Amino acid sequence: MDKLFLDVKQGLLAKDLYRILQGLEAIVQLSQLFKISDLKAYWNGASSKDSLNDRYLLLEKILVLMSRLGDTKEKSEKLRKLGEDIERFVIDTLYKDLPHPPSTYLDTSYNLNTSQQLPVTTYGSGAVKYAFRTSDGSGYNPLFPSIGKAGTPYARSVTSTNLLPVSSLPDSGLVFDTLLKRDKFVEHPGGVSSLFFAFADLVIHSIFNTDPRDLAINNASSYLDLSILYGSSDEDVRRVRRTDGTGSLWDDVFSDRRLLRMPPASCALLILFSRNHNYIANKILSINEFRGYKNPLELNEKERKSQDDEIFNRARLVNSAYFVQVILGDYVGAILGQVRDGQDWRLNPLVEMRQVNHELAPRGEGNAVSIEFNLLYRWHATLSREDEGWTEAMLQKYLGQDADLSTVTPTQFYVAAVKALQYPDDPREWTFNGLERVDGRFKDEDLANLILNATERRAGAFKARGIPEALRVVEILGIEHARTWGTCSLNEFRKFMNLKPYKNFEQWNGDKTVAAAARSLYKHIDNLELYVGLQAEESKTPGPGAGLCPGYTISRAILADAVSLTHCQFQKSDGSYGGMLTKLLFRTLSDHYKPRSAYAHFPFLDPSYMRQQTEERDMKNGTNDASKYTWTRPSTAVSTPKMVHQYDVVQQILASKEFMTASGERLETILGHRPPDLSFIQNQLLQHREKWASYFLALTDDLIVNRSFDHVGSGVRSVDIVKDVLNILPVKWICQRIAGLPISRDQGRRNYDEEKYCKEFQDICQYVFVNLDSYKDWELRENAISIYKRIHGEIVKDLKGFGSWIKDTVNKITDPCDPEDRSREFLFQLYQTRGTTGLSALADAIFCEVVPTAAHFSQAVAHVINYFLNEEKKEARDDIVKLSKLRTADSTAKIIEHIYESLAYDSPIPVTSLTALKDSKLGDHRINAGEQVFVNLSRNDGLDVEHPHLGLGTHGLLLPPLFEAIAPGVVAAILGLPNLQRAHGESGKFNRYSEEYRGLPLQQYITYEGRVSPFPDSLVVQYTRV
1314 MDKLFLDVKQ GLLAKDLYRI LQGLEAIVQL SQLFKISDLK AYWNGASSKD SLNDRYLLLE
1374 KILVLMSRLG DTKEKSEKLR KLGEDIERFV IDTLYKDLPH PPSTYLDTSY NLNTSQQLPV
1434 TTYGSGAVKY AFRTSDGSGY NPLFPSIGKA GTPYARSVTS TNLLPVSSLP DSGLVFDTLL
1494 KRDKFVEHPG GVSSLFFAFA DLVIHSIFNT DPRDLAINNA SSYLDLSILY GSSDEDVRRV
1554 RRTDGTGSLW DDVFSDRRLL RMPPASCALL ILFSRNHNYI ANKILSINEF RGYKNPLELN
1614 EKERKSQDDE IFNRARLVNS AYFVQVILGD YVGAILGQVR DGQDWRLNPL VEMRQVNHEL
1674 APRGEGNAVS IEFNLLYRWH ATLSREDEGW TEAMLQKYLG QDADLSTVTP TQFYVAAVKA
1734 LQYPDDPREW TFNGLERVDG RFKDEDLANL ILNATERRAG AFKARGIPEA LRVVEILGIE
1794 HARTWGTCSL NEFRKFMNLK PYKNFEQWNG DKTVAAAARS LYKHIDNLEL YVGLQAEESK
1854 TPGPGAGLCP GYTISRAILA DAVSLTHCQF QKSDGSYGGM LTKLLFRTLS DHYKPRSAYA
1914 HFPFLDPSYM RQQTEERDMK NGTNDASKYT WTRPSTAVST PKMVHQYDVV QQILASKEFM
1974 TASGERLETI LGHRPPDLSF IQNQLLQHRE KWASYFLALT DDLIVNRSFD HVGSGVRSVD
2034 IVKDVLNILP VKWICQRIAG LPISRDQGRR NYDEEKYCKE FQDICQYVFV NLDSYKDWEL
2094 RENAISIYKR IHGEIVKDLK GFGSWIKDTV NKITDPCDPE DRSREFLFQL YQTRGTTGLS
2154 ALADAIFCEV VPTAAHFSQA VAHVINYFLN EEKKEARDDI VKLSKLRTAD STAKIIEHIY
2214 ESLAYDSPIP VTSLTALKDS KLGDHRINAG EQVFVNLSRN DGLDVEHPHL GLGTHGLLLP
2274 PLFEAIAPGV VAAILGLPNL QRAHGESGKF NRYSEEYRGL PLQQYITYEG RVSPFPDSLV
2334 VQYTRV
């Protein structure tokens, strides 16, 4: 950090510092971002060229400032821009803390320029070649292809000039007994859970794997490429792959057997990343973006291998990138205390930036981990009480139950370690912590239990005399390895990091007994070894920018290392304050992590500690965030939901009052109270069904005419029938005929256009009716509540105007209406006939009746159009057009039959869930009260069901009498366009794919933004101009 504050007189970064300092005027305006007491730290940074005093916490203050400027709640663009400027220079500084490429290696004969060509796979037409990462990490930097490669020497960041003879160093066992051995367990002061350190095990083992036959060699690559999962050689990778054409791994496998002897939560987490790979590979195959993949059963051996290679390596890249996102979002977020403090900003090392001379700042030049950082990441002092007990039991299992762990020799330990790591070559046979595989997989509840246990168990504190005695031999080996490597001293490392060297042992650790013991062992502070100095250094206390609370030197170094290793956008609206692990827990253990669970949103913090912090923040800020979470431990004793495929049984369940959907409960969540009786609104809507039918027909014709575009030199026109017609119909109806919501196509009044309303109505519809993904629940719920409050306020304002002639007149003058808005007629009618219903309750009823089902109306009609655009349905399509011209009750009824036929075969909701209210038996299914039932709504058994239940809400435009009055006209108007056909290529098709959800087929759509959605957003058709 000190490099950011070099002496300006030298001209280094002068222009950039000047630009940043110009922005301080804006910061001072907000006292909560910048305190006068911080000036001492800033002055030390500006005036100390070569030795920053890290006890002033300058780095922490800078990071806190950046997080507050970058927080999504910050409204000032000027402050946001200032935060981005500071972030760029901090990242550049941290990245340059370490040399790229390294200047020296343990093996000085090592050749960094060994040639290496990336492997390439070609699939399909052979027109495109896909290069992917090598198994051993080589080829990352084309100029230095061997940098960071597995099986190459460790780098050396600091060359020691302190020529202290090894023979003069204190006995390593004595060092442990006096400076490192745990005197008592102290809970982590920052509330960090043991799951954080289980994940830290994954990070550490990903980049450090010292070869026991040659301590200079690192058998892992220096990149966060999930080598612990995939392996560090082609043979390792081969063992975990299915190679069946799907790009998948074998179930619940990983490559690094070392983790089998770590506390079990580490393996449980890694298995989730293994499952995530298969989830990603399945997505890639299902979406089949370029339509080049085929069912593996249809391919010959060569084609299957080529397809498998491509999907596997794509999935590996995505999974590794997600691993990095978890590191930056959850891991670094916990290190800096950002999750604890409710900050969603994250340091983004991948941001592209330019230097003063306009050159691009270096990124991704390659990395080679060093011996210094190998020693820095040994955090045994943080073992929880439970993990300490587990470690003791594991060691005694292999050393002997009678073994005295305080006297185990390195030789005894090596023999036991060889025995402990004797596992079959096939990782499908591996197990850990007594877990058993069922059909190749571990039970979800077993994995969930391990992770939940680790979440609620507080880790130990970083401290001198904090390492469990059971690890005495491990620590002795660590000290001896560091000496064998000729590692620098603690002060030499601090100078390298531009930190102020310690002048005496009391500066290093303020505990007089610790300082005195170290002085007796090492005589002078400059003799203090790096490894021992890092482990026994005084630790930081929790505060802004400090969550991990290790020793001061470790704290400074790990940020530089994180930037070097990763050098991501984060989901900031999911309730996890920038955390990314939440998504993995919900995705892979969905039955055991329910929406809103604090155990899923804050897995790296003790839930009781995080609850206390959140409640204190609520009291300070006047917020109510703590109430949004469930703080009790999720149950792992859950029943497996029933899956129902038979169409006739599905229809019985949907028609039965003994099964309940979650829509009512979710509406209650949106409103904050029970939904009102909607019969009054429904009656009013149905009274005008013929009027609405005429309105929708005319609006459909108008939208087609005005939003079609011409083909050059012909009479052919095209229109996006979903985006520009069907999605707009309910928006205009609700805004301009029912609720009086402001709407503008030209980004005018209140900046609310049709597309924004369409997206908002889809969010509400998805939350209420199609909320199958626990991870998305938070954002959908919060969005729905926010949207409801705004719409409710607009409706109430208009209703209040009817009670006062003055208000009504003022509203008309000051709030100019959309010329197409006729909603006042309907609202006034409701106002006059509302009886004793209050205005707020009336606004609630309007919202609940028409908004949640709006998106499903558009989707239902879109599915109908898509169904009848198929050539094999041309006869039925012509029949609909012919019937529409008759305009009789009988002809309309026949059109309705066609519509329901298409919806039965292509339901807008292919899968929905219900809860049994009482015990019942339907078909072959015996269902108990309280059990969840998932039903398949796709008609696939040829049953003739008249007016089938489609799983859609029966409100608003989906009220059966209203839908049957409106839909026939809209469908006929579109299908009746002259020479109607799909647009050529992919434009004339739904961009959708099918995947399995709990064993049931689920249709998903890819939007124009590249996101997955339950709703289609485009279908282009063409027709001949009349």
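The sequence shown lines up with residues 1314 to 2339 when you count with the numbering used here. Note that the Cβ used here is the ideal one computed from N, Cα and C, for glycine as well. Values in this document were obtained by computation on a predicted structure and should not be read as measured data.
Please specify which runs of the beta strand (DSSP E), each continuous and at least 3 residues long, are wholly inside the region 1551-1621, giving them in chain order.
none
From V1553, Y1418, E1928, residue whose alpha carbon lies closest to that of R1588
V1553
Near T1943, what residues of its chain come up, given a Cβ to Cβ distance below 6 Å and the 5 sequence neighbours on each side ignored?
R1909, S1910
To the nearest angstrom, how far is the alpha carbon of V2283 from that of K2187?
18 Å
CB-CB under 6 Å to T1491, same chain, minus the five flanking residues each way: which ones, in chain order?
A1830
Between the region 1700-1712 and the region 1775-1789, do at least 3 Cβ pairs fall closer than 8 Å?
yes
List the residues that DSSP assigns as beta-bridge partners of K2234.
R2239
Beta-carbon contacts of T1949 that lie in its chain and below 6 Å, excluding the five residues immediately before and after:
E1758, A1761, N1762, H1905
For P1781, which three-state DSSP category applies?
coil
Distance between A1733 and S1438 (C-alpha atoms, nearest Å)
Any reading at S1438 needs caution, since the residue's pLDDT is 42, under 50, leaving its predicted position unreliable; the model's value is listed next. Near 49 Å, if we compare the C-alpha coordinates of A1733 and S1438.
How is I2119 classed by DSSP in three states: helix, strand or coil?
Because the pLDDT of I2119 is 45, which lies under 50, any placement of that residue in the model is unreliable, and the number read from its coordinates should be weighed accordingly. Correct three-state label for I2119: helix.
List the DSSP bridge partners of M1956.
F2247
Which class does G1642 belong to by DSSP, given the choice of helix, strand or coil?
helix
How big is the Cα-Cα spacing for L1343 and N1934?
With a pLDDT of 47 at L1343, under the threshold of 50, the modelled position of this residue cannot be trusted, and the question is left open.
Please report the distance separating the alpha-carbon of D1449 from that of K1607.
30 Å
Beta-carbon separation (whole angstroms), S2220 vs G2264, contact threshold 8 Å
7 Å
T1695 - DSSP class collapsed to helix/strand/coil
helix
Using DSSP's beta-bridge definition, name the partner residues of M1973.
T2228
Tell me the residue span of the alpha helix (DSSP H) that contains L1760.
1757-1769
Close-in-space but distant-in-sequence residues of the same chain around L1419 (CB under 7 Å, 5 per side omitted):
P1466, Y1467, R1469, A1529, I1684, W1798
Based on Cα-Cα distance, which residue from V2333, A2206, P1920 lies nearest to P2274?
A2206
Beta-ladder partner(s) of Y2306, from DSSP
Q2317
So the alpha helix (DSSP H) K2179 belongs to, where does it begin and stop?
What sits at residue 2179 in the sequence shown is Asn, not Lys. First-last of the alpha helix (DSSP H) with N2179: 2167-2182.
Tell me where the beta strand (DSSP E) around T2337 begins and ends.
2333-2337
Which whole-angstrom value is the C-beta distance of Q2245 and T2225, which I expect to be below 8 Å?
With 8 Å as the limit, Q2245 and T2225 do not qualify as a contact, their Cβ atoms being about 11 Å apart.
Just to confirm the assignment, what range does the alpha helix (DSSP H) spanning S1992 have?
1992-2000
One question on the structure: do A1772 and S1506 come within less than 8 Å of each other, judged by their Cβ atoms?
yes
Once the 5 residues before and after N2292 are set aside, which same chain residues still bring their CB inside 7 Å of it?
Y2336, T2337
Work out the CA separation of D2191 and C2078 for me, nearest whole Å.
33 Å
Residue(s) in a DSSP beta bridge with T1523
N1531
Count the other CB atoms, across all protein chains shown, that sit within 10 Å of the CB of S2171; report buried if there are 16 or more and exposed otherwise.
buried
Burial state of I2126, where buried means 16 or more other Cβ atoms lie within 10 Å:
In this prediction, I2126 scores a pLDDT of 43, lower than 50, which makes its location untrustworthy; no coordinate-derived value is stated.
Assuming the contact rule is C-beta atoms closer than 8 Å, I1867 and L1689 should be a hit. Round their C-beta distance to whole Å, please.
6 Å
By a C-beta neighbour count over all protein chains shown, 10 Å radius and 16 as the cutoff for buried, is T1895 buried or exposed?
buried
Around the Cβ of G1544, are there at least 16 other Cβ atoms within 10 angstroms (buried) or fewer (exposed)?
buried
Would you kindly check if the distance between the Cβ of L1583 and the Cβ of I1541 is under 8 Å?
yes
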